[in-house]
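Student: I'd like to ask some things about the structure below.
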Amino acid sequence: MTRPALILHGGAGARREKNYDREVAHMRAVVEAMRDRLQSGASALDVVVEAVTMLEDSGLYVAGRGASPNLAGAFELDASLMDGSNGKAGSVAALQGFTNPIRVARAVMDHTPHVMLAGEGAALFALDQGLDRIGDEAEWFTRAGQGEDNHPPGTLSHGTVGCCVLDTQGRLAAGTSTAGVFGKMPGRVGDTPLPAAGTWADGQVAASATGQGEYFIRTAACARLAWQVEAGQTLDAAARGVIDRIGALGGDGGLIALDREGRIAHPFNSQGMKRAWLTPGGEIGVEVFGR
11 MTRPALILHG
21 GAGARREKNY
31 DREVAHMRAV
41 VEAMRDRLQS
51 GASALDVVVE
61 AVTMLEDSGL
71 YVAGRGASPN
81 LAGAFELDAS
91 LMDGSNGKAG
101 SVAALQGFTN
111 PIRVARAVMD
121 HTPHVMLAGE
131 GAALFALDQG
141 LDRIGDEAEW
151 FTRAGQGEDN
161 HPPGTLSHGT
171 VGCCVLDTQG
181 RLAAGTSTAG
191 VFGKMPGRVG
201 DTPLPAAGTW
211 ADGQVAASAT
221 GQGEYFIRTA
231 ACARLAWQVE
241 AGQTLDAAAR
251 GVIDRIGALG
261 GDGGLIALDR
271 EGRIAHPFNS
281 QGMKRAWLTP
291 GGEIGVEVFG
301 R
């Protein structure tokens, strides 16, 4: 039996002048809850969905309830997940009206022959699946990123959540959820709902990205990391190489990664990245700014 491990993130948009005590406490609570689920035999995929749902529901991050609207005032949410044991993936893009995009992505994986549904089609599918709808948007959304300026004018400010899990059967899975960059154009889709760019899991590595999604798309960031590991690089070197490549193009952000031995990596080139993890030895760590 494999000793389980996980790593999660609450976005790479952290600023040094802001206090993140609430997020730190919440991330630790999520890790503790998911540790118990893993120890009871839950699958990596189920734990990814549960962890990301907790992050979405908290209203503390720019995903799920914490989403910020686009330029037209609409809340368009993205999410994806991938099961490393079989290569299956599910995704939604520009979803409106539902509380948990990661659960809609799971339904796409489980109940359709497709990988991604977008816009009105995604919403109609979620409705048909009986997934939880948002009632009053003004009451539901906390706009966790409202008023934040974590980038210079004219650049892409961002926020995302994600999780990578190794379960007791040695299976890996990853999931990511976001409202996208702040002040985005209606219909804009970033890396989060795109397997290979914002999410990846196979038999060796799971990864979830956060940052200026356009750059993660252009580099196929999460899949690139996995392929570099497959080619013989260490997890740390591969992860850092991806972020360095994104930085060289002018982008910023970070990613989390986990391999089948329970090793973790969490490089970033932004001021900070909210993240927490569980090691195979049972140790829990939480950081925002420390490298």
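Every position in the sequence shown, counted from 1, becomes a number in our numbering once 10 is added. Built from N, CA and C at the ideal position, the CB exists for glycine as well. Being a predicted model, the structure only gives us computed values, none of them experimental.
Does the stretch 100-110 come close enough to the stretch 44-57 that 3 or more CB-CB pairs lie under 8 Å?
Tutor: No: the two stretches stay apart, fewer than three of their Cβ pairs being nearer than 8 Å.
Student: For His306, report the span of its beta strand (DSSP E) as first-last.
Tutor: Residue 306 lies beyond the residue range present for the chain, which begins at 11 and ends at 301; the question has no answer from this structure.
Student: Out of curiosity, what's the CA-to-CA distance linking Pro203 and Thr244?
Tutor: Within the sequence shown, residue 203 is the residue found at index 193, counting from 1. Within the sequence shown, residue 244 is the residue found at index 234, counting from 1. Rounded to whole angstroms, Pro203 to Thr244 spans 26 Å at the Cα level.
Student: Given this structure, state the Cα-to-Cα distance separating Arg270 from Trp237, to the nearest angstrom.
Tutor: Stepping through the sequence shown from its first residue, residue 270 is reached at position 260. Stepping through the sequence shown from its first residue, residue 237 is reached at position 227. Rounded to whole angstroms, Arg270 to Trp237 spans 14 Å at the Cα level.
Student: Strictly by DSSP, which residues pair up with Glu297?
Tutor: As a working note, residue 297 is residue 287 in the sequence shown. Paired residue(s): Arg285.
Student: Please classify Asn80 as buried or exposed, where buried requires at least 16 neighbouring CB atoms within 10 angstroms.
Tutor: Here residue 80 is taken as the residue at index 70 of the sequence shown, counted from 1. Asn80 is buried by the Cβ-count criterion.
Student: Less than 6 Å between C-beta atoms, sequence neighbours within five positions excluded: which residues of the same chain meet that for Thr109?
Tutor: Position 99 of the sequence shown, counted from the first residue, corresponds to residue 109. Hits under 6 Å: Asp142 and Ile144.
Student: Given this structure, state the Cα-to-Cα distance separating Gly157 from Phe192, to the nearest angstrom.
Tutor: Within the sequence shown, the letter at position 147 stands for residue 157. Within the sequence shown, the letter at position 182 stands for residue 192. In this prediction, Gly157 scores a pLDDT of 49, lower than 50, which makes its location untrustworthy; the coordinate-derived value is nonetheless stated afterwards. Approximately 10 Å between the Cα atoms of the pair.
Student: What is the rounded straight-line gap between the Cα of Tyr71 and the Cα of Val114?
Tutor: For the purposes of this step, residue 71 is identified with residue 61 of the sequence shown, where counting begins at 1. For the purposes of this step, residue 114 is identified with residue 104 of the sequence shown, where counting begins at 1. Looking at the two C-alpha atoms, the distance is approximately 19 Å.
Student: Three or more C-beta pairs under 8 Å: does that hold for the stretch 130-138 against the stretch 171-186?
Tutor: The stretch 130-138 is not in contact with the stretch 171-186.
Student: Measure the C-alpha to C-alpha separation of Asp67 and Asp246 and round it to an integer number of angstroms.
Tutor: Taking the sequence shown and counting its residues from 1, one reaches residue 67 at position 57. Taking the sequence shown and counting its residues from 1, one reaches residue 246 at position 236. So the alpha carbons of these two residues sit roughly 31 Å apart.
Student: Which runs of the alpha helix (DSSP H) fall wholly inside the stretch 95-174 and span at least 4 residues, in chain order?
Tutor: Segments of the alpha helix (DSSP H) lying fully in the stretch 95-174: 111-121, 129-138 and 147-150.
Student: In chain order, what are the residue ranges of uninterrupted beta strand (DSSP E) at least 3 long that sit wholly in the stretch 182-252?
Tutor: Runs found: 182-188, 209-211 and 215-221.
Student: Is Met92 helix, strand or coil when you go by DSSP?
Tutor: Residue numbering aside, residue 92 sits at position 82 when the sequence shown is read from its first letter. Correct three-state label for Met92: strand.
Student: So, are the CB atoms of Ala35 and Gly221 less than 8 Å apart?
Tutor: Walking along the sequence shown from the start, residue 35 turns up at place 25. Walking along the sequence shown from the start, residue 221 turns up at place 211. No, these two residues do not count as a Cβ contact at 8 Å.
Student: Going by Cα to Cα distance, which pick from Asn29, Asp31, Arg45 and Ser78 is closest to Leu16?
Tutor: What you label residue 16 is simply residue 6 of the sequence shown in a count that begins at 1. Selected option, being the one with the closest Cα: Arg45.
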